[in-house]
Amino acid sequence: MKRALVCGAGGFIGMHLVKKLRSLGYFVRGVDIKRHEWSPDGADEFKLLDLRVEANCREALTIGGGTFDEVYQLAADMGGMGFIHSAETEIMHNSALINLYMTDQAARLGVPRYFFSSSVCVYRDMRPGEPEMTEAEAIPAHPDNEYGWEKLYSERLAEAYERRYGMQVRIARFQNCYGPEGTWTGGREKAPAALCRKIAEAGDGGVIDVWGDGTAVRSYTYVSDMVDGIYLLTQSDLHGAVNIGCPQYVTVDELAQAAARVAGKRIRIRHVDGPVGVQSRNFSNARIASLGWQAKIDLDAGLALTYPWIAEQVRAARGAAAS
Ligand code: NAD
Numbered sequence: 006m007k008r009a010l011v012c013g014a015g016g017f018i019g020m021h022l023v024k025k026l027r028s029l030g031y032f033v034r035g036v037d038i039k040r041h042e043w044s045p046d047g048a049d050e051f052k053l054l055d056l057r058v059e060a061n062c063r064e065a066l067t068i069g070g071g072t073f074d075e076v077y078q079l080a081a082d083m084g085g086m087g088f089i090h091s092a093e094t095e096i097m098h099n100s101a102l103i104n105l106y107m108t109d110q111a112a113r114l115g116v117p118r119y120f121f122s123s124s125v126c127v128y129r130d131m132r133p134g135e136p137e138m139t140e141a142e143a144i145p146a147h148p149d150n151e152y153g154w155e156k157l158y159s160e161r162l163a164e165a166y167e168r169r170y171g172m173q174v175r176i177a178r179f180q181n182c183y184g185p186e187g188t189w190t191g192g193r194e195k196a197p198a199a200l201c202r203k204i205a206e207a208g209d210g211g212v213i214d215v216w217g218d219g220t221a222v223r224s225y226t227y228v229s230d231m232v233d234g235i236y237l238l239t240q241s242d243l244h245g246a247v248n249i250g251c252p253q254y255v256t257v258d259e260l261a262q263a264a265a266r267v268a269g270k271r272i273r274i275r276h277v278d279g280p281v282g283v284q285s286r287n288f289s290n291a292r293i294a295s296l297g298w299q300a301k302i303d304l305d306a307g308l309a310l311t312y313p314w315i316a317e318q319v320r321a322a323r324g325a326a327a328s
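Position in the sequence shown (from 1) plus 5 gives the number in my numbering.
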């Protein structure tokens, strides 16, 4: 039986990955600074550890006098645009420490295969209609936020350890990921979850606030497609960073309208000031496609799976507040 360690298993994508690996027959240890809110017992074994501490990284990576066959490093201090713009020092400090110690300890303990979760936030701002950007075009670098700079640094860190220690490193740059059992409130939620929540909270014909002018262009990848891509990439021989994303680009307003359709509500959008991030995104998925990956769940289908879960959380929170 192969053994896998998932760092960030108390989080959204990490727990979905834990479940996929277990369904494939892996023994999975999850590690996080907090337990997963909705699937606390998803892994075979779970350790509550702060991975900013070197000794904790060593403990996480050690099993039965040896180490894991595969390590998936998804732990990060992260959130949506609101968080990214207000917590620059926390992101630069905490996520860099996690990656410094995890990468170093994994290489020294002899981990054969190490996956690192990067982000398309490493790329510069794009104009709508610009041709697709390939992975190599992240350099010369000009990310619009510190989250992107930390990811770029940690990518290079992992690649340096691969050269020195021979640890097989695989790096994915995720586009925005969404689905059930992700953060939906509290300030760290990302746009799809935030808009689903606002629509769930609004009545039919109600008004929801959207940050910016609603024209920023993004693509959104459903979480099962993302974890399929992570697994495929980790098993592959593909070196260097690899974009993973559903090539369906929509504006923020279109995303809100799609969620409202799924909710069966008429919604009016009010544009308000707020952090938006880059204007546009358009990336090549040719590298991940070369492994046979393609997104199976389009935006409407993904929102149809996500909105009911968020609406249920909103109902439960209202019920708890009323009692
Ligand atoms: P998430 O916030 O749900 O999960 C990250 C987890 O890391 C959290 O559970 C958090 O508690 C944990 N963590 C933070 N600090 C820690 C510490 N000191 N020690 C141990 N654990 C710690 O985020 P997610 O959406 O599941 O993202 C997973 C990874 O994918 C992250 O590295 C993120 O940067 C990257 N990513 C996500 C998206 C997206 O759209 N969700 C897009 C691009 C990249």
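Idealized CB from N, CA, C, for every residue including glycine. Keep in mind it's a predicted model, so treat the numbers as computed, not measured.
My guess is that residue i and residue j are in contact by the Cβ rule of under 8 Å, so how many angstroms apart are they, rounded?
i, j, result
"Ile89", "Ile96", "7 Å"
"Leu310", "Gln253", "At roughly 15 Å, the Cβ-Cβ gap does not stay under 8 Å, so Leu310 and Gln253 are not in contact."
"Gly342", "Phe17", "With the chain covering only 6 through 328, there is no way to say anything about residue 342."
"Leu157", "Tyr77", "Incorrect: roughly 20 Å between the Cβ atoms, too far for contact."
"Cys251", "Thr226", "4 Å"
"Arg292", "Leu243", "6 Å"
"Ala322", "Ala205", "About 10 Å separates the two Cβ atoms, so there is no contact after all."
"Ile302", "Val247", "That pair is no contact at about 19 Å."
"Gly13", "Leu114", "Rounded, the Cβ-Cβ distance is 19 Å, inconsistent with contact."
"Glu155", "Ala112", "Wrong, their Cβ atoms sit about 19 Å apart, outside the cutoff."
"Val257", "Gly219", "5 Å"
Is residue i close to ligand 3? I mean its beta-carbon at under 7 Å from any heavy atom of the ligand.
i, result
"Thr311", "Among the ligands in the structure shown, ligand 3 does not appear; only ligand 1 can be found there."
Hey, is residue i close to ligand 1, as in C-beta under 7 Å from one of its heavy atoms?
i, result
"Leu79", "yes"
"Met107", "no"
"Thr139", "no"
"Ile235", "no"
"Lys39", "yes"
"Thr188", "yes"
"Ile18", "yes"
"Ser122", "yes"
"Arg223", "no"
"Phe88", "no"
"Asp242", "no"
"Cys201", "no"
"Met5", "With the chain running from 6 to 328 in the structure shown, residue 5 is simply not present."
"Leu56", "yes"
"Ile103", "yes"
"Gly115", "no"
"Cys182", "yes"
"Phe51", "no"
"Asn150", "no"
"Gly250", "no"
"Lys195", "yes"
"Asn290", "no"
"Gly35", "no"
"Gly282", "no"
"Asn99", "yes"
"Gly13", "yes"
"Phe32", "no"
"Phe73", "no"
Going by DSSP, name the residue or residues bridged to residue i.
i, result
"Gln78", "Cys12 and Phe121"
"Met138", "Phe288"
"Arg34", "Leu10 and Glu50"
"Gly71", "Ile68"
"Cys182", "Thr226"
"Ile144", "Ile144 is not bridged to any residue."
"Asp3", "As displayed, the chain neither begins before 6 nor continues past 328, which places residue 3 out of reach and without an answer."
"Ile176", "Phe121 and Ala246"
"Met131", "Ser285"
Under 8 Å, Cβ to Cβ, is there at least one residue of chain C near residue i?
i, result
"Ile274", "Any reference to chain C falls outside this structure, which holds one protein chain only."
- prompt: On the three-pair Cβ rule with 8 Å, is the region 280-294 touching the region 163-175?
  reply: No contact exists between the region 280-294 and the region 163-175.
field: the region 131-139 in contact with the region 176-196 per 3-pair CB rule at 8 Å
entry: They do not touch, by the three-pair rule.
message: Which runs of the beta strand (DSSP E) at least 3 residues long sit entirely within the region 245-290? Give them in chain order.
response: For the region 245-290, the continuous beta strand (DSSP E) assignments of 3+ residues that do not extend past its boundaries occur at 246-249, 254-256 and 273-277, in sequence order.
- prompt: Just checking, does the region 206-215 make contact with the region 274-281 on the three C-beta pairs under 8 Å criterion?
  reply: Yes, since at least three Cβ pairs between the region 206-215 and the region 274-281 fall closer than 8 Å, the two stretches touch.
query: If we count Cβ pairs, one from each stretch, closer than 8 Å, do we get three or more for the region 125-135 versus the region 48-65?
result: Contact fails: fewer than three Cβ-Cβ distances are below 8 Å.
field: Stretch pair the region 62-82 + the region 23-39: three plus CB contacts closer than 8 Å
entry: Enough Cβ pairs lie closer than 8 Å, so yes.
query: Is the region 147-156 in contact with the region 105-118, if contact means three or more CB pairs nearer than 8 Å?
result: Contact fails: fewer than three Cβ-Cβ distances are below 8 Å.
message: Does the structure place the region 19-33 close enough to the region 223-243 that three or more beta carbon pairs sit under 8 Å?
response: At 8 Å Cβ cutoff, the stretches touch.
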